[in-house]
Every structure is written in C-alpha cells, then in structure tokens.
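S.K.:
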Amino acid sequence: MIKKISIFAFLIIILNSCVGNDKLTLVESSGRINHILIVIKNSDWEGDVGDALRDIITTPLVGLPQEEYQFSINQIPPQTFSSLFKRNRNIMFVGYDSIANFYTNTNIYASPQTTLTILGKNKKDLIKNINSHKSDLISTFKNNDLAVYQKKITKEHHKVKEIETFNKYGFTLKLPLTYNMVEDNGDFLWYRNDVSKGLLNIIAYEIPILQDYEFNLSKIIKIRDSVAKNYIPGQFEGTYMMTEQRFEPITKNVTISEKKAVEVRGLWLVKDDFMGGPFLSYVIEDKKNSRLLIIEGFSYSPSSKKRDMVFELEAILKTVTIE
C-alpha cells in the first residue's frame, strides 16, 4: 500500500534532501536577529493553528520596561516560498502529514540557517504538537541567533591580558572592540558601547561565597545596589544606579561556563533622576574559588525598543569562561 503524503510535506522532503551535500555552495543567510519566517497556509495562520503559534512566539519577553515579543515574525503560504525567502536565517514550516513530526535542520538553503518543521495528522493533532514543543520552539531559534550574533560581534574583541579584572579574578569575556573601558581597577570591570539609540554596558565583579550559600534574590539585589552605588554614579551629584523596586526581577536557574548560575532579569533606575532601563545579570557559583562571580549587562535607550539591545548583552555575557 502506497503511503499518502501531503503536498506540503512532500515539498519539505524534497528541499531537505539537499542536507549533507558537501558540494553545494550555500549563499549567506539574511534576516534580523530575533526574526522568524513562518511558512504555513493562510487559512491555518488565520485560525486556531495560528493562534497556538502566536500564543508561544508573541509571549512578552520578561525584564523589559515595555511589552516586546520574543520574536518578530512574517508569514507566507507554502506556494510563495521562493528563492527570495530561502535566505532567511530562521524558517519554520507548519503543515500536515500522515504522522505528527517535529524536527530541525541546519543550512539547507543558506548558511548559517536553522529550519524547524512541525507536522500533524489534522488540525487538532497539529495544535497538540505545537503546544507540546513550546520550549523547543523558542530555544531552537534563540540559540541559533545567539551563536550567529556572538560570532559576529565578538570577532574583534579586547585582548584578555590588557584587562586587569580578568587577570586578577581568572575569568574572561569576549568584549567587542566597540565597547570602551569606563572602569577596570581589578575589583570592578565596566565597559560601555555608545550606540545611536543609547548606551550598552557590561560590568563584572565577585563576592566571597560561604559554604552553606543558597541563592536569595533579596541578598543579590542588596549586593547589586551596594556595588552600583559605589561604582555607577548618575549624571548629578549624589545620584547613582539602583534596582527598580516596583518590579521584582525574574530569575531562572541556568548553567554558565559549566557552572551553576542564576539568571536575573529586571529594571534599573538612577536614584533621584529619570534615567532607567533593563538589566540582565548572571550570578555564577564558583565553588572552586569560593566566590560568586557576577556579570551583568544593562542598557539605556530612551524612546526606543530594548529587546535587541538586551539580546546583544546576553550574547556577550554568555562568552564568559572561568578558570
């Protein structure tokens, strides 16, 4: 008995057959970071299947002062998926086949590129498949963009031996040359990038850790505010950076440089001033050296969106390595 297969799934199989052809010269992919091209029938996109996808993709990103989505998206039907669209860096195919499926491929039509395919036997089955892969759907494209962006912006970075705090504390970050030193006294590192829309900042410092240490957000915020008061002044006398108290930071357990860490996303402000913005911190538990290593990025970009600026800071912070 011949197995029936949908036209959509057949199209994907034919296109995916290019994988593994070492002789194929791929064009360079294009597209903004945090952007996904979704290839799906218009009727599905405008109905329940599209709603299921939007519930995941358009979930607001935490730790930003205004609501911004995790990804920007464009949708096209399968019949219009031409060479014009094949250069997109992130592509999602959504359709039907005789069995449900969920898989990814890399560098099919361009490089670097990630494609993700979600298939279901019918509409109900497809929606179920989408909802069962919520975290995978987000992480697949985010990790791809992080890797691409890290390679791009850290291609030319400051030499480790020139940074006093790195040498004293035995850790490194690939700080792009576009970031200039504000402070590097061996105890506190601060580099800043002046961009057209505002300022991007990277800071790093360490504190001793007790053997019975357990992560406590209030303790970390207290430490953060103490360090900021000493090292990050505002534009007027007596002003300094501090954590915005009206919005509790969001935390998540992660692994950084193969060590247990906590990600902290929140908002900062300048005491008795109107400056503020988002911050992203990684509190890394380095038991070997009996310390907590804290690396952080914070941005200032009034009247502009913050998502992509925080994404750049995340890409840099995740280049950290600890001896």
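Following the working numbering, the numbering of the sequence shown begins with 1196 at its first residue and continues without gaps.
Glycine residues also receive a C-beta, built at the ideal position from the N, C-alpha and C atoms.
For residue 1257 and residue 1446, what's the separation of their Cα atoms in angstroms?
M.R.: Residue mapping note: residue 1257 aligns to position 62 of the sequence shown, counting from 1. Residue mapping note: residue 1446 aligns to position 251 of the sequence shown, counting from 1. The straight-line gap from Cα to Cα measures roughly 10 angstroms.
S.K.: Assign residue 1388 to buried or exposed, taking buried as 16 or more other Cβ atoms, counted over all protein chains shown, within 10 Å of its Cβ.
M.R.: Position 193 of the sequence shown, counted from the start, is the residue given in the question as residue 1388. Classification of residue 1388: buried, given that the 10 Å Cβ count is 16 or more.
S.K.: Relative to the alpha-carbon of residue 1451, which residue among 1511, 1418, 1402, 1471 has its alpha-carbon at the smallest distance?
M.R.: By 1-based counting over the sequence shown, the position of residue 1451 is 256. Checking every option, the nearest Cα to that of residue 1451 belongs to 1511.
S.K.: Using 8 angstroms as the cut-off, can you tell me whether the stretch 1451-1470 makes contact with the stretch 1271-1286, which would need three or more C-beta pairs spanning the two stretches below that distance?
M.R.: Flag = no, the stretch 1451-1470 and the stretch 1271-1286 do not touch.
S.K.: Quick one: Cα of residue 1371 to Cα of residue 1475, how far?
M.R.: Within the sequence shown, residue 1371 is the residue found at index 176, counting from 1. Within the sequence shown, residue 1475 is the residue found at index 280, counting from 1. If you take the alpha carbons of residue 1371 and residue 1475, they lie about 18 angstroms apart.
S.K.: Less than 9 angstroms separating the beta-carbons of residue 1360 and residue 1384?
M.R.: Sequence index remark: in the sequence shown, residue 1360 carries index 165 (1-based). Sequence index remark: in the sequence shown, residue 1384 carries index 189 (1-based). In contact: residue 1360 and residue 1384 (Cβ atoms closer than 9 angstroms).
S.K.: Relative to the alpha-carbon of residue 1440, which residue among 1460, 1220, 1323, 1339 has its alpha-carbon at the smallest distance?
M.R.: Numbered from 1 along the sequence shown, position 245 holds the residue referred to as residue 1440. It is 1460.
S.K.: Go ahead and pull the three-state DSSP assignment for residue 1217.
M.R.: Counted from its first residue, the sequence shown places residue 1217 at position 22. At residue 1217 the pLDDT is 45, less than 50, meaning the model places this residue with poor confidence and gives no usable figure here.
S.K.: How would you label residue 1261, buried or exposed, when you count the other beta carbons within 10 angstroms and need 16 or more for buried?
M.R.: Reading the sequence shown from its first residue, position 66 is the one you call residue 1261. It counts as exposed.
S.K.: Any chance you could list the alpha helix (DSSP H) runs of at least 4 consecutive residues sitting entirely within the stretch 1357-1401, in chain order?
M.R.: As far as the stretch 1357-1401 is concerned, its whole alpha helix (DSSP H) runs of at least 4 residues are 1359-1364.
S.K.: With DSSP collapsed to three states, give me the class of residue 1460.
M.R.: The count along the sequence shown starts at 1 and reaches residue 1460 at position 265. Here residue 1460 sits in strand by DSSP.
S.K.: Could you tell me how far apart the beta carbons of residue 1523 and residue 1280 are, in whole angstroms, since I believe they sit closer than 8 angstroms?
M.R.: Since the first residue shown for the chain is 1196 and the last is 1518, residue 1523 is missing from the structure and cannot be characterised.
S.K.: Rounding to the nearest angstrom, what Cα-Cα distance links residue 1277 and residue 1415 in this structure?
M.R.: For the purposes of this step, residue 1277 is taken as the residue at position 82 of the sequence shown. For the purposes of this step, residue 1415 is taken as the residue at position 220 of the sequence shown. Their Cα atoms are separated by approximately 51 angstroms.
S.K.: When you compare the stretch 1316-1328 with the stretch 1301-1308, are there three or more beta-carbon pairs, one atom per stretch, that lie closer than 8 angstroms?
M.R.: The stretch 1316-1328 is not in contact with the stretch 1301-1308.
S.K.: Which whole runs of the beta strand (DSSP E) in the stretch 1269-1327 are 3 residues long or more, in chain order?
M.R.: Within the stretch 1269-1327, the complete beta strand (DSSP E) runs of at least 3 residues are 1285-1291, 1296-1301, 1309-1315.
S.K.: I'd like to confirm the pairing. Which residues does DSSP put opposite residue 1230 in its beta bridges?
M.R.: To locate residue 1230, count along the sequence shown from 1; it is residue 35. Paired residues: 1267.
S.K.: Ordered along the chain, which non-local residues of its own chain (more than five positions away) have a Cβ less than 7 angstroms from that of residue 1255?
M.R.: Indexing the sequence shown from 1 puts residue 1255 at position 60. Result list for residue 1255: 1262, 1263, 1264, in chain order.
S.K.: Quick check: residue 1480 and residue 1404, are their CB atoms within less than 9 angstroms of each other?
M.R.: To locate residue 1480, count along the sequence shown from 1; it is residue 285. To locate residue 1404, count along the sequence shown from 1; it is residue 209. Contact flag set, yes.
S.K.: Could you check what DSSP says for residue 1499 in three-state terms: helix, strand or coil?
M.R.: Here residue 1499 is taken as the residue at index 304 of the sequence shown, counted from 1. In this structure, residue 1499 counts as coil in the three-state DSSP scheme.
S.K.: Report the option in 1364, 1501, 1250 whose CA atom is closest to the CA atom of residue 1487.
M.R.: Taking the first residue of the sequence shown as 1, we reach residue 1487 at position 292. Here the closest residue by C-alpha is 1364.
S.K.: For residue 1217, count neighbouring C-beta atoms within 10 Å of its own C-beta (all shown protein chains included) and say buried if the count is 16 or more, exposed if not.
M.R.: The count along the sequence shown starts at 1 and reaches residue 1217 at position 22. Caution applies to residue 1217, whose pLDDT of 45 falls short of 50 and renders its modelled position unreliable; the value that the coordinates give is listed next. Classification of residue 1217: exposed, given that the 10 Å Cβ count is below 16.
S.K.: Can you tell me where the beta strand (DSSP E) with residue 1449 in it begins and where it stops?
M.R.: For the purposes of this step, residue 1449 is taken as the residue at position 254 of the sequence shown. Looking at the DSSP string, the run of the beta strand (DSSP E) that includes residue 1449 is 1445-1451.
S.K.: Would residue 1491 and residue 1398 qualify as a contact pair, given that the criterion is a beta-carbon distance under 9 angstroms?
M.R.: By one-based count along the sequence shown, residue 1491 stands at place 296. By one-based count along the sequence shown, residue 1398 stands at place 203. Their beta carbons are under 9 angstroms apart, which means residue 1491 touches residue 1398 by this criterion.
S.K.: Using the beta-carbon count (16 or more within 10 Å), is residue 1381 buried or exposed?
M.R.: Counting from one through the sequence shown, the residue named residue 1381 turns up at place 186. So residue 1381 counts as exposed.
S.K.: What residue from 1347, 1378, 1338, 1341 has the CA that sits closest to residue 1357's CA?
M.R.: Residue 1357 sits at position 162 when you count from the first residue of the sequence shown. Considering only alpha carbons, the answer is 1378.
S.K.: Going by the DSSP bridge assignment, what does residue 1353 pair with across the sheet?
M.R.: In the sequence shown, counting from the first residue as 1, residue 1353 sits at position 158. The partner list for residue 1353 (beta bridge, DSSP) is empty, contrary to what the question assumes.
S.K.: By alpha-carbon positions, which one of 1473, 1289, 1342 ends up nearest to residue 1314?
M.R.: As a first step, residue 1314 is located in the sequence shown; it is residue number 119 there, counting from the start. Per the Cα distances, 1289.
S.K.: Who are residue 1465's beta bridge partners in DSSP?
M.R.: Here residue 1465 is taken as the residue at index 270 of the sequence shown, counted from 1. The partner list for residue 1465 (beta bridge, DSSP) reads 1436.
S.K.: Bridge partners of residue 1493, per DSSP?
M.R.: Taking the first residue of the sequence shown as position 1, residue 1493 is located at position 298. 1396, 1474.
S.K.: Please determine, among 1354, 1246, 1391, the residue with the shortest C-alpha to C-alpha distance to residue 1238.
M.R.: Looking up residue 1238 in the sequence shown gives position 43. Looking at the Cα atoms, 1246 is the closest of the given residues.
S.K.: At which residues does the alpha helix (DSSP H) containing residue 1256 begin and terminate?
M.R.: Taking the first residue of the sequence shown as 1, we reach residue 1256 at position 61. Counting along the chain, residue 1256 falls outside any alpha helix (DSSP H), and DSSP gives it neither H nor E.
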